[in-house]
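Enquirer: Have a look at the structure that comes next, please.
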Amino acid sequence: MIRLDRRARQGIGAAIVLALTPLAATPVLAQDSISTGAPSGHFSAEEVARFSKQIETNLAARGARVAIVFRAGRAREKLPKGIAYTHGAFWVYRDIQTDSGQTEPGYAVYNLYAGDGKALPSTASRLVQDFPYDFTSGSSVDDVAVIVPSPEVQRRLLAVIDSPIYAALHNPAYSLIANPLSPKYQNCNGFMLDVLAAAVWDITDRDQIRANLKANFKPTTVEAGPVTRLLAPLVTAGLKTDDHSGRLRTATYESLADFMRANGMLQAAYSVSFQR
Amino acid sequence: MRSVSMTVMVLCSLACAGTALAQDSVQNGSNAAKASTEVVKDLGVSGVQTASAVAVLPLSVAATGSVVAGTASTATGVDASQAAGDSAAFASTPLPVTKKVILAQPVPNLPYDAKAADAPKP
């Protein structure tokens, strides 16, 4: 048995904490609502173009005016158990005016993006409208998930997206694993859930939206032990856990699809794989 | 003592891997500003047709009328009752999509925490 003096014990303790801290953050990095624009490295620019057009064509063939599309910005093995996608956004069928003066039919993407720590703090978010290429460029896997709401829900969603209510539902205080049943923080999926709630319940009051969601929506539990929970916020500024009591829970593709399926709001939920 | 040191070393090396993962997203974000010009170049070489978006126009079809209180006339100028009966056709008829890849205009990339130029130096 080796006896260590107090300074040695403190030094080893600090080293272990420092070593564990980044590890602790990794399992709860369940979201990646980061604006990209350049391929993440998984796809070449040409592949991003082909994949984004493949998704657009898929949605258009179904007649989807509004769909909810999810990408995985991290390799699957690096995601917490039960979570397959990290960022979601509304894809809305639009006429798009180009700089050559033409009008092209296609999809515009309505995102909540977290700050990158440079142009915007990583603890804040903003609403950004971009295009399928931008969305797909952030994917680190060969598939995306798609929720096509029922036609009536699409129509209601479009009405909210095109109204001032859409921006009013945005809470810029960002957390990667925001609890959708708490008003404190919001992430991309939590924002989409609020927009969906406003559309289907025909309400705009945030407290009422929260109350209705508490009664009807079951968020996904993020697997994280007490060490992770304690240390993760120290590592990643955009990762807060003080809006959770009990287990960490957040909105995901899985929980949104389940909620919509259980309440007759879903036309289809499926994945689209890149055809290489 | 040796086993304690080894444990610390193993934990440290694992931690380095964790740090790298956490930084990936930030790198993506910083690439955004340069993306547009490089992407157009890359796609042009691959023969992909691109177009730069200037504006996204609201749909002009009647079915975009709203049933959400107060939004119908604001958003589209269409009466809600006009659209209410036709939502199934609204979102089930196949739609045309351009073959061009639509690219966003470059976004402003200014630091949010810039110090004033005339701020006193410490």
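So the sequence lines, in the order shown, correspond to chains A and B. To get my numbering, take the position in the first sequence, counting from 1, and add 2. To get my numbering, take the position in the second sequence, counting from 1, and add 324. Each residue gets a CB set at the ideal place from its N, CA and C atoms; glycine is no exception.
Run through the DSSP bridge pairs and tell me what PRO151 of chain A is partnered with.
Expert: Taking the first residue of the first sequence as position 1, residue 151 of chain A is located at position 149. PRO151 of chain A is bridged to A:LEU268.
Enquirer: Using a 10 Å radius around the Cβ and a threshold of 16 neighbouring Cβ atoms, would you call PRO166 of chain A buried or exposed?
Expert: Residue mapping note: residue 166 of chain A aligns to position 164 of the first sequence, counting from 1. With fewer than 16 Cβ atoms within 10 Å of its Cβ, PRO166 of chain A is classed as exposed.
Enquirer: Could you name the residues of the same chain whose beta carbon sits closer than 7 Å to that of TYR272 of chain A, not counting the 5 residues immediately before and after it, in chain order?
Expert: Position 270 of the first sequence, counted from the first residue, corresponds to residue 272 of chain A. For TYR272 of chain A, where only same-chain residues beyond five positions count, the Cβ hits under 7 Å are VAL148.
Enquirer: Looking at the strands, I want to know which residues DSSP matches up with TRP93 of chain A.
Expert: The residue labelled residue 93 of chain A in the question sits at position 91 within the first sequence. In DSSP, TRP93 of chain A forms a bridge with A:ALA69 and A:VAL111.
Enquirer: Buried or exposed for GLY108 of chain A, going by 16 or more other Cβ atoms inside 10 Å?
Expert: For this step, residue 108 of chain A is matched to residue 106 along the first sequence. It is buried - the Cβ of GLY108 of chain A has at least 16 other Cβ atoms within 10 Å.
Enquirer: Check the Cβ of THR422 of chain B against every Cβ in chain A and list those closer than 8 Å, keeping chain order.
Expert: In the second sequence, residue 422 of chain B corresponds to position 98, counting from 1. Chain A residues near THR422 of chain B: ILE98, GLU106, PRO107 and GLY108.
Enquirer: Under three-state DSSP, which class holds ARG263 of chain A?
Expert: Mapped onto the first sequence, residue 263 of chain A falls at position 261. Helix.
Enquirer: Tell me, please, whether the segment 191-205 of chain A touches the segment 154-165 of chain A by the rule of three or more beta-carbon pairs shorter than 8 Å.
Expert: yes
Enquirer: Following the continuous alpha helix (DSSP H) through SER142 of chain A, name the residue where it begins and the one where it ends.
Expert: Counting from 1 along the first sequence, the entry for residue 142 of chain A is found at position 140. First-last for SER142 of chain A: undefined, no H or E at that position.
Enquirer: Let's see if you can read the secondary structure: which residues bound the beta strand (DSSP E) around THR374 of chain B?
Expert: Locating residue 374 of chain B in the second sequence gives position 50, where the first residue counts as 1. Element bounds for THR374 of chain B: 374-381.
Enquirer: Whole angstroms are fine: how far does the CA of PRO134 of chain A sit from the CA of GLU256 of chain A?
Expert: The residue given as residue 256 of chain A occupies position 254 in the first sequence. The residue given as residue 134 of chain A occupies position 132 in the first sequence. GLU256 of chain A and PRO134 of chain A have their C-alpha atoms spaced approximately 21 Å apart.
Enquirer: Taking C-beta pairs closer than 7 Å, name the residues in chain B that GLU225 of chain A reaches, listed in chain order.
Expert: Within the first sequence, residue 225 of chain A is the residue found at index 223, counting from 1. Ordered by position in chain B, no residue passes the 7 Å Cβ test against GLU225 of chain A, which lies about 16 Å from the chain.
Enquirer: Taking the continuous beta strand (DSSP E) assigned at ARG128 of chain A, which residues delimit it?
Expert: Working through the first sequence from its first residue, we reach residue 128 of chain A at position 126. That run of the beta strand (DSSP E) goes 127-132.
Enquirer: Hey, is the segment 138-148 of chain A in contact with the segment 63-72 of chain A, meaning 3+ C-beta pairs nearer than 8 Å?
Expert: Taking 8 Å as the limit for Cβ pairs, the verdict is that the segment 63-72 of chain A does touch the segment 138-148 of chain A.
Enquirer: Of all the CB atoms in chain A, is at least one closer than 7 Å to the CB of ALA379 of chain B?
Expert: The residue given as residue 379 of chain B occupies position 55 in the second sequence. Judged by the 7 Å Cβ criterion, ALA379 of chain B is in contact with chain A.
Enquirer: Helix, strand or coil for GLU79 of chain A per DSSP?
Expert: By 1-based counting over the first sequence, the position of residue 79 of chain A is 77. If DSSP states are grouped into helix, strand and coil, GLU79 of chain A belongs with the helices.
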